[in-house]
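*Asks:*
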Amino acid sequence: MTDHGFEQIFPLGETNDAYAENFIGQSYLAPLAGGSVPVSNVSFEPGCRNNWHIHHGTGGGGDQVLLCTAGSGWYQAEGQDAVGMEPGTAIRVPAGTKHWHGAKADSWFSHVAFITPGEDVSNEWLEPVTDEVYGRLPKSGENA
């Protein structure tokens, strides 16, 4: 359990200051493994979400994998309905997919994230998920 009362199996980590401009609300980052496939635990306070973004890559790289480990959150790809994430949910985001992810309005949320290695792997940050769009999503315990 953290000082915030949020129980999870991985460390909360430090405030995610390096990427704060790409988030609405407070997120935390705990690197879990380095090397050719860095793996991190990303935690979101209630209501926190990242901006729309795209992971690019070629040669099989640039896919993102999100594994929900605690709390309750959202994943949404452009043009699709938001998908609720609960512990045990695994989502593969193909390279080139515009998407966002974050906590539900009334719940902390953590996921382990990594990007598959390949050529020309990069991340393109885009516009924020507006309060209007986010506010239409159900809270914890409700279906999208």
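Residue numbers (the numbering used here): 92 to 235.
By construction, the Cβ of each residue, glycine as well, lies at the ideal position given by its N, Cα and C atoms.
What did DSSP end up calling G175 once you bin it into helix, strand or coil?
*Replies:* Translated into the one-based positions of the sequence shown, residue 175 becomes position 84. G175 falls in the strand class under three-state DSSP.
*Asks:* Taking the alpha carbon of L123 as the point to measure from, which residue in L217, A204 and N214 has its own alpha carbon closest?
*Replies:* On the sequence shown, position 32 is the one that residue 123 refers to. Nearest C-alpha to L123: A204.
*Asks:* For D154, which residues in the same chain have their Cβ closer than 8 Å to its Cβ, ignoring the five residues on either side in sequence?
*Replies:* Taking the sequence shown and counting its residues from 1, one reaches residue 154 at position 63. Answer for D154: H146, G148, R183, V184, P185, A186, I206 and T207, listed in chain order.
*Asks:* As a quick exercise: from L158, Q167 and G193, pick the residue whose alpha carbon is nearest that of A181.
*Replies:* Along the sequence shown, one-based indexing puts residue 181 at 90. Ranking the options by Cα distance to A181, first place goes to L158.
*Asks:* On the DSSP bridge list, what partners appear for N141?
*Replies:* Here residue 141 refers to the residue found at position 50 of the sequence shown. F114.
*Asks:* Please go through the region 153-221 and give each complete beta strand (DSSP E) segment of 3 or more residues, from N-terminal end onward.
*Replies:* Fully enclosed beta strand (DSSP E) runs of 3 or longer: 155-162, 164-168, 174-176, 181-184, 190-194, 200-206 and 210-216.
*Asks:* Along the beta strand (DSSP E) that carries N132, what are the first and last residues, could you check?
*Replies:* Locating residue 132 in the sequence shown gives position 41, where the first residue counts as 1. Its beta strand (DSSP E) spans residues V130 to F135.
*Asks:* Helix, strand or coil, according to DSSP, for T106 in the structure here?
*Replies:* To locate residue 106, count along the sequence shown from 1; it is residue 15. It is a strand residue.
*Asks:* So, does the region 192-203 touch the region 136-143, judging by three or more C-beta pairs under 8 Å?
*Replies:* Yes, the region 192-203 touches the region 136-143.
*Asks:* Using only alpha-carbon positions, find the residue among A111, Y166, N132 and G209 that is nearest to S201.
*Replies:* In the sequence shown, residue 201 corresponds to position 110, counting from 1. Nearest of A111, Y166, N132 and G209 to S201, Cα basis: N132.
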